[in-house]
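J.: Residue 85 in UniProt numbering sits at position 85 of the sequence shown, with consecutive numbering throughout.
Idealized CB from N, CA, C, for every residue including glycine.
Sharing a structure, written as C-alpha cells. Questions coming.
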Amino acid sequence: MFVGSSLLDMYSKVGEVKDARRVFNMLPHRDVVSCTAIISGYAQSGLDEEALKVFQQLQREGMECNYVTFVSLLTAIAGLAALDFGRQVHGLVIRSELLFYVVLDNSLIDMYSKCGSLKHSRRVFDNMLERSVISWNTMLMGYGKHGLGREVVQLFKSMFREVKPNGVTFLAVLSGCSHGGLIDEGLDIFGYMVSDQRLKPEIGHYGCLVDLLGRAGRIEEALDVIKNMPYEPTSALWNSLLGACRLHAKISIGEVVARKLLDMEPDNASNYVILSNIYAASGRWQDVARVRESMKLKKLTKEPGRSSIQLDKVMHIFFSSDRSHPRRKEIFDKITEVCERIKAAGYVPDLSCVLHDVDDEQKESILLGHSEKLAIAFGLMGNACRESIRITKNLRICIDCHNFAKYVSNVYQMEISLRDSSRFHLVAGGACSCGDYW
1 MFVGSSLLDM
11 YSKVGEVKDA
21 RRVFNMLPHR
31 DVVSCTAIIS
41 GYAQSGLDEE
51 ALKVFQQLQR
61 EGMECNYVTF
71 VSLLTAIAGL
81 AALDFGRQVH
91 GLVIRSELLF
101 YVVLDNSLID
111 MYSKCGSLKH
121 SRRVFDNMLE
131 RSVISWNTML
141 MGYGKHGLGR
151 EVVQLFKSMF
161 REVKPNGVTF
171 LAVLSGCSHG
181 GLIDEGLDIF
191 GYMVSDQRLK
201 PEIGHYGCLV
211 DLLGRAGRIE
221 EALDVIKNMP
231 YEPTSALWNS
241 LLGACRLHAK
251 ISIGEVVARK
261 LLDMEPDNAS
271 NYVILSNIYA
281 ASGRWQDVAR
291 VRESMKLKKL
301 TKEPGRSSIQ
311 LDKVMHIFFS
321 SDRSHPRRKE
331 IFDKITEVCE
341 RIKAAGYVPD
351 LSCVLHDVDD
361 EQKESILLGH
371 SEKLAIAFGL
381 MGNACRESIR
391 ITKNLRICID
401 CHNFAKYVSN
411 VYQMEISLRD
421 SSRFHLVAGG
431 ACSCGDYW
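So this is what it looks like as C-alpha cells:
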C-alpha cells in the first residue's frame, strides 16, 4: 500500500496520469490517500471531467474523504465551471463535519467564483473563522475576473485591517482594474506598491500594467512600459500588446509586435491568427492570404472555438458550426427562431466580426455558427422554467456573440453566465456586468 501510494503520487505529480491510474487499479486496497492522489492527479493535469468521474465512482464504492480530497475535487469542478456539482460537493463538505481548514474554504471561494456565483464566494469568505492572505487574494481575483473593478479596489482597502498584501495581491488588484477599466486607479495602485509598500514589481505586474493600458487604447504607453521595464519581455507580454493592437486597430505597431512574436514563437498559431485578424479588420486581404499561407506551409492550425454547457448533470460541448450533436437539427431550428425574435427587438448582426472576404449573407451564416450561440440555443430548448444558462468558452467571446447574449437575456428573460478565456460575462436584462468593456 505504501509503495503503491507513493508511486501513484509520483506519477501524478510529473503529469503521467495514465501510469498513475494503472498503479491505482493494481492496488490491493485503496485508502483515502490513494483515492485523493488519483483525483488530484487528474485535476492537476487539467483532466477535470475524469477527476469528477473517478470521484463519483469511488463515492459509490464507499470511499472516505478528507479535506485534501475535497480541495482536489473543487479544483476540477472550478475548471469545468460545473456549479451544480460544486454546490453538491459543498453540501457534502458540510455534512462531513470536517474541522475548519483555511485551504478548503479558499478552494470553495475559488470554485464558486470560477463557476460564476460571486454571491456564494463572498458568503464563504465572510463566514470564515480566519482568513489568510490567500483567502483575500482569491476573493480579489474572483471580483477581477467578473470585471467588478470597484469591488476589487474596495476589498483591497479593507484587507489591511487583517493581513498585509503581498505581490500576488497586487497582481489580482491590477488585473481587476484592467478588466474593470479603472485606468487611473490601476496606475495609482502600481505606484503605491512600489513607493509605499516597497515591493519590487515582478514581470507579472508589468504585464498587468501593459494589459491595463492596452485595453484602454493607450498602446504607445503600453509599449513604453515594455521597453523600459528591467526584464526581458516574454511572449505573453507581447501577446497582450498584440491583442490590444487588434482591438484598437493599431496596425503599424501590431505588425512590429507580431514580428517579434513570430521570431520568439514561430510555431504558435495564435500569433499568426491575431496578425491575420488585424489585416482583415482593415481590409488588407492580400496580407491576410499571405499570413494564412505561412500557416499552411508550417502546418499550423487555429484552435477551434469550443463552448460547453451543463444540463441535467450532462456536459454538452459545441464547436463552431458544429453538426455533431445528436439534436443538431433542433438546435439549428432553435437558433433560427431565436435570431428572428431578437432581430425584432433590435438586434443587428455585427458583420465586422467575420474576418473573411465573403458576402454579407455568408458572414451572417458564419456568425450563427459560433459555438457560444449554439450553446445558448441548446440551453433555451425545452427549458421554459430555467432562469439561467451557464456557458464556458475556450476563446475570447466576440462582439457579436456578446450582443446576441444581451438581446437573448432581455427577450427570453434569461440570465446568461458566460466564462471565456479572459473573464466572466454575467448578462441579464439586456446588460452585461462587464459594461461592454472587456
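Quick check on residue 90: does DSSP put it in helix, strand or coil?
T.: helix
J.: Flag this pair as touching only if the segment 96 to 103 and the segment 321 to 339 have three or more C-beta atom pairs under 8 angstroms; answer yes or no.
T.: The segment 321 to 339 and the segment 96 to 103 do not touch, with fewer than three beta-carbon pairs separated by less than 8 angstroms.
J.: If you count every other CB in all the chains shown that lies within 10 Å of the CB of residue 273, and 16 or more means buried, which is it?
T.: buried
J.: Can you tell me the Cβ-Cβ gap for residue 391 and residue 372, rounded? I've got them flagged as a contact below 8 angstroms.
T.: Sure, about 6 angstroms apart at Cβ, within 8 angstroms.
J.: Count the other CB atoms within 10 Å of the CB of residue 2; is the residue buried (16 or more) or exposed (fewer)?
T.: exposed
J.: How big is the Cα-Cα spacing for residue 120 and residue 109?
T.: 8 angstroms
J.: Do you know whose CA, among 173, 115, 254, 116, lies nearest residue 136's CA?
T.: 173
J.: Quick one: Cα of residue 393 to Cα of residue 417, how far?
T.: Going by the C-alpha atoms only, they are around 11 angstroms apart.
J.: Helix, strand or coil for residue 432 per DSSP?
T.: In the structure shown, residue 432 falls within a strand segment according to DSSP collapsed to helix, strand and coil.
J.: Could you name the residues of the same chain whose beta carbon sits closer than 8 angstroms to that of residue 34, not counting the 5 residues immediately before and after it, in chain order?
T.: Short of 8 angstroms from the beta carbon of residue 34, and not among the five residues preceding or following it, lie these beta carbons of its own chain, in chain order: 1, 4, 5, 8, 24, 27.
J.: Excluding five sequence neighbours on each side, which residues of the same chain lie with their C-beta closer than 7 angstroms to the C-beta of residue 186?
T.: Within the same chain, and ignoring the five residues on either side of residue 186 in sequence, the residues whose Cβ sits closer than 7 angstroms to its Cβ are 174, 177, 178, 212.
J.: When you compare each of 410, 412, 426, 388 to residue 397 by their alpha carbons, which one comes out closest?
T.: 426
J.: Between 195, 87, 117, 295, which lies nearest to residue 415 when the distance is taken from Cα to Cα?
T.: 117
J.: Could you tell me the distance, in whole angstroms, from the CA atom of residue 381 to the CA atom of residue 326?
T.: Taking the straight line joining both Cα atoms gives about 14 angstroms.
J.: When you compare only the Cα positions, how much space is there between residue 40 and residue 30?
T.: 15 angstroms
J.: I think residue 219 touches residue 258, with their Cβ atoms under 8 angstroms apart; what is that distance to the nearest whole Å?
T.: Under the criterion of beta carbons closer than 8 angstroms, residue 219 and residue 258 do not qualify as touching, at roughly 13 angstroms.
J.: For the alpha helix (DSSP H) containing residue 179, list its first residue and its last residue.
T.: 167 to 180
J.: Quick test of your reading: residue 162 and residue 123, contact by CB under 8 angstroms. State the CB separation rounded to the nearest angstrom.
T.: With 8 angstroms as the limit, residue 162 and residue 123 do not qualify as a contact, their Cβ atoms being about 18 angstroms apart.
J.: I need the straight-line Cα distance from residue 508 to residue 430, nearest angstrom please.
T.: Nothing in the structure corresponds to residue 508, since the chain is present only between 1 and 438.
J.: Is residue 128 helix, strand or coil when you go by DSSP?
T.: coil
J.: Beta strand (DSSP E) containing residue 419: first to last residue?
T.: Here the beta strand (DSSP E) through residue 419 covers 415 to 419.
J.: Excluding the 5 residues flanking residue 400 on each side, which residues of the same chain have their C-beta closer than 7 angstroms to its C-beta?
T.: 349, 350, 353, 367
J.: Would you give the residue range spanned by the beta strand (DSSP E) that residue 200 belongs to?
T.: Neither: residue 200 is in no beta strand (DSSP E) and is coded neither H nor E.
J.: Taking 6 angstroms as the limit between beta carbons, can you name the residues of its chain near residue 518, skipping five residues before and five after?
T.: Lying before the first or after the last residue shown, residue 518 is absent from the chain, which here runs from 1 to 438.
J.: Would you give the residue range spanned by the beta strand (DSSP E) that residue 314 belongs to?
T.: 314 to 319
J.: If you count every other CB in all the chains shown that lies within 10 Å of the CB of residue 160, and 16 or more means buried, which is it?
T.: exposed
J.: Does the segment 221 to 231 touch the segment 258 to 271, meaning 3 or more C-beta pairs lie closer than 8 angstroms?
T.: Verdict: no, contact absent.
J.: Going straight from the alpha carbon of residue 433 to that of residue 66, what length do you get?
T.: Using only the alpha carbons, I get a separation of about 37 angstroms.
J.: If you follow the alpha helix (DSSP H) that residue 301 is in, where does it begin and where does it stop?
T.: Unbroken run through residue 301: none, as it is neither H nor E.
J.: Hey, out of 239, 250, 301, whose CA is closest to residue 263's CA?
T.: Closest by alpha carbon: 239.
J.: Quick one: Cα of residue 411 to Cα of residue 364, how far?
T.: 20 angstroms
J.: Determine the DSSP secondary structure at residue 69, reduced to helix, strand or coil.
T.: helix
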